[in-house]
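Asks:
In the working numbering, the protein residues as written are 1 to 427.
1. Under 8 Å by Cβ, that's how I've got residue 234 and residue 425 pegged, so tell me the actual separation to the nearest angstrom.
2. Roughly how many angstroms lie between the CA atoms of residue 183 and residue 74, to the nearest whole one?
3. Check residue 389 in the structure and name its three-state DSSP category.
4. Restricting to Cα atoms, I'd like to know which of 34, 41, 294 and 37 is closest to residue 24.
5. Please report how far the alpha carbon of residue 119 lies from the alpha carbon of residue 140, in whole angstroms.
6. So what does DSSP say about residue 58, is it helix, strand or coil?
7. Can you give me the C-alpha to C-alpha distance between residue 36 and residue 169, rounded to a whole angstrom?
8. So residue 116 is in the alpha helix (DSSP H); what residue range does that whole segment cover?
9. Just how far apart, CA to CA, sit residue 337 and residue 156?
10. Write down the C-beta distance between residue 252 and residue 63 rounded to the nearest angstrom, noting that I regard them as a contact closer than 8 Å.
11. Does residue 333 come out as helix, strand or coil in the three-state DSSP assignment?
12. If you measure between the beta carbons of residue 240 and residue 229, is that distance less than 8 Å?
13. Quick check: the stretch 184-198 against the stretch 80-94, are at least 3 beta-carbon pairs closer than 8 Å?
14. Contact between the stretch 76-83 and the stretch 198-211 is defined here as three or more beta-carbon pairs at a separation below 8 Å; is this criterion met?
15. Quick check on this structure: which residue in 222, 246, 144 and 152 has the alpha carbon closest to the alpha carbon of residue 408?
16. Kindly indicate which three-state DSSP category residue 311 falls into: helix, strand or coil?
17. Give a single yes or no on whether residue 364 has its beta carbon closer than 7 Å to a heavy atom of the ligand HEM.
18. Going by alpha carbons, who is nearest to residue 297 out of 314, 267, 340 and 284?
19. Cutting at 6 Å between CB atoms, please list the residues of its own chain near residue 281, excluding the five before and the five after it.
20. Hey, out of 22, 34, 345 and 88, whose CA is closest to residue 186's CA?
21. Following the continuous alpha helix (DSSP H) through residue 297, name the residue where it begins and the one where it ends.
22. Do three or more CB pairs link the stretch 327-336 to the stretch 123-135 at distances below 8 Å?
23. Just the Cα atoms here: how many angstroms apart are residue 213 and residue 206?
24. Residue 85 to residue 405, Cα distance in whole Å?
25. Which class does residue 275 belong to by DSSP, given the choice of helix, strand or coil?
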């Protein structure tokens, strides 16, 4: 297995796409075991996608694109602006709130970073924001989006680890709000140092807040409806994705009336096909790699190794989080979740760590790789939109990196930040 891992690392260094690096490395493992039928990799490639629970993934991707086409994003931007636009660094504050609201729409850190940088970035530059800081704000706040329900990472982790997806959805709310608060505080301090003006001259009136709330209400109640539907047994985790698509179409065609049949077919579905293809291809390829890890008993060996170091659950969580942050520098978060859930979750369970609590730490730590070099997809998306250099971005990112690490430590040592809402709703 060591040769396979070295090959995987070499492929990534050479710039090979993650899906191919995972699949080819896994196939090399099979070549080392001639006693196994060579047809197994093909079978694994296909069987991984024949999973009814994973049907929610393409459905949520389509739902996110439908909601964006339905004019939801612009309404959420207006609502976020009325709430926090009067604060120091107002556009940065808007970015933090908008990313939180967008969690119920897109669920993708990369899509959120690109969208918000495109929408808010040019105006930030006109208002005197340093280019690197303008990108850093929109990229780091996008880390909130994948952990606000519904998140695709929750579905993958929950399906592989046999963890309640409804509880995972509810568990993301507390950490998401915590990240929003720490990012807003960080933006306020940096804005004071740089003397950045608010977006609005004065606080919005109560009437204006309620008017923009009314225009955004269909997007804001969407995550609530999903959790209530799961809690009430109205939907299974697989069915809830289909409901999300129908809900988005209802909003787009009948309520906002901003989406046409032509837009739905030639923009929404076309964008969705690319997103679905990339996620499902990584998922299929990872099953080849995962077969070798299970055959070599990597989960059991890793469990014995980690438990030999410490039996303290908090120390173990910190160690795993550091490892995931480091691994996320080189490997996409989706691939990490696919490859390592079956490896690390049994270790957490042996120490009595709640799998929902562990899942939030796991997903958040792995997702940080999107914000950091060398392969951070959100980072590259934001920098390309505003034409910022990686050096400018890194220089402006240190405050956000520090407060993100602090937030993860708080989530580890105070599990009720994660578990309070799931326990309240699901018992």
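In this text, a Cβ means the ideal position worked out from N, Cα and C, and glycines have one as well.
Replies: Considering the structure as presented:
1. That pair is no contact at about 14 Å.
2. 22 Å
3. coil
4. 41
5. 15 Å
6. In the structure shown, the three-state DSSP call for residue 58 is helix.
7. 39 Å
8. 109-126
9. 7 Å
10. Incorrect: roughly 11 Å between the Cβ atoms, too far for contact.
11. helix
12. Between residue 240 and residue 229, the CB-CB gap stays under 8 Å.
13. yes
14. The stretch 198-211 and the stretch 76-83 touch, with three or more beta-carbon pairs separated by less than 8 Å.
15. 144
16. coil
17. Looking at this structure, you won't find the ligand HEM or any other ligand, since it has none at all.
18. 340
19. 19
20. 88
21. First-last for residue 297: undefined, no H or E at that position.
22. no
23. 10 Å
24. 26 Å
25. helix
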